[in-house]
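Visitor: Pasting a structure below so you can have a look.
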Amino acid sequence: MRKVKWKTKLIITSMTFVLSLMAATVSADTGAAHIKIGSISGGASNISYWYDSSLSTYGQTGAVDNAKSKWDATSSRIGWSSGSSSSAKLKVYVGNYSLPGGTYGSTSYFLSNGQQVDAGAITNGSNYDVARVVLDAGWTSGWSQSERFMNAGHELGHVLGLNHFQNAPAHAGEHWMKSGRYALSSPTSTDTSHVVKKWGN
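For the record, in the sequence shown the residue sitting at position 169 is 169 according to this note's numbering, with numbers rising by one throughout.
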């Protein structure tokens, strides 16, 4: 009889530990390591964008269009509208080996007065007015369409407030928000859960 009680206690204790561990993992899953506290001013429901002619020159327009469309589908609170080079909140360019070696894309952030805002400051709560995305056609030459889709989706994910998924606690597997080269035409469920955590359904 005592053995049965002891086993029952052990099972209950083990289940409690597992449930606690799961709760901690879920909490860490969408924490500040992967989601910036700060945001683009005005929210994400109507982000005006502008494409530099370099997108057409290097054949990257479709990749950015796909990124906008797929992120838009994750949340009703994400939307895009065409803007001008002077007023758009998202400005997208394509370079040709213009970024440091092995850097496939970059996102930088600015206030309306032109002052740059450090990415770390946005993670910690600072907001910004304009995002500048640069995709590098040189470093991504020879990539498949789905790999280019992932690259553009990754950078627009930064615009929407997501950080790298390799940041501890890191996510295993391939995701739009994990740095690297992956054949992913759409964000994964993990990408989606983070953007929904940031902006809502």
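Beta carbons: idealized from backbone N, C-alpha and C, even for Gly. Remember, it's a predicted structure, so these values are computed and weren't measured experimentally.
1. Looking at the strands, I want to know which residues DSSP matches up with V130.
2. Thinking just about the alpha-carbon of each residue, which of Y97, Y104, Y128 is nearest to the one in I47?
3. Return helix, strand or coil for Q116, following the three-state DSSP convention.
4. Helix or strand or just coil, what does DSSP make of G142?
5. Which same chain residues, not among the five before or five after S27, have their C-beta less than 8 Å away from its C-beta?
6. Under the three-state reduction of DSSP, which class applies to G79: helix, strand or coil?
7. Could you name the residues that DSSP lists as bridge partners for S41?
8. Tell me the DSSP secondary structure of S48 in three-state form.
9. Taking 9 Å as the cut-off, decide whether the C-beta atoms of Y51 and V92 are in contact.
10. Does DSSP put K36 in a helix, a strand or coil?
11. Where DSSP assigns a beta bridge to K91, which residues make up the other side?
12. Which term fits Q115, buried or exposed, when burial requires 16 or more other beta carbons within 10 angstroms of its beta carbon?
13. Under three-state DSSP, which class holds L156?
14. Quick one: is L21 buried, meaning 16 or more other Cβ sit within 10 Å of its Cβ, or exposed?
15. Identify which residue in M150, A67, S144, I35 has its Cα closest to the Cα of L184.
16. Suppose you measure from the CA of S112 to the CA of K70; what does that come to, to the nearest Å?
Guide: If we stick to the structure as given:
1. F110
2. Y128
3. strand
4. coil
5. Note that S27 scores 34 on pLDDT, short of 50, meaning its location in the model is unreliable and no value can be drawn from it.
6. coil
7. S41 is not bridged to any residue.
8. strand
9. yes
10. coil
11. W50, R132
12. exposed
13. helix
14. Only weak support is given to the placement of L21: the predicted model assigns it a pLDDT of 33, under 50, and the value that follows is read from those uncertain coordinates. By the neighbour-count rule (16 or more Cβ atoms within 10 Å), L21 is not buried but exposed.
15. M150
16. 27 Å
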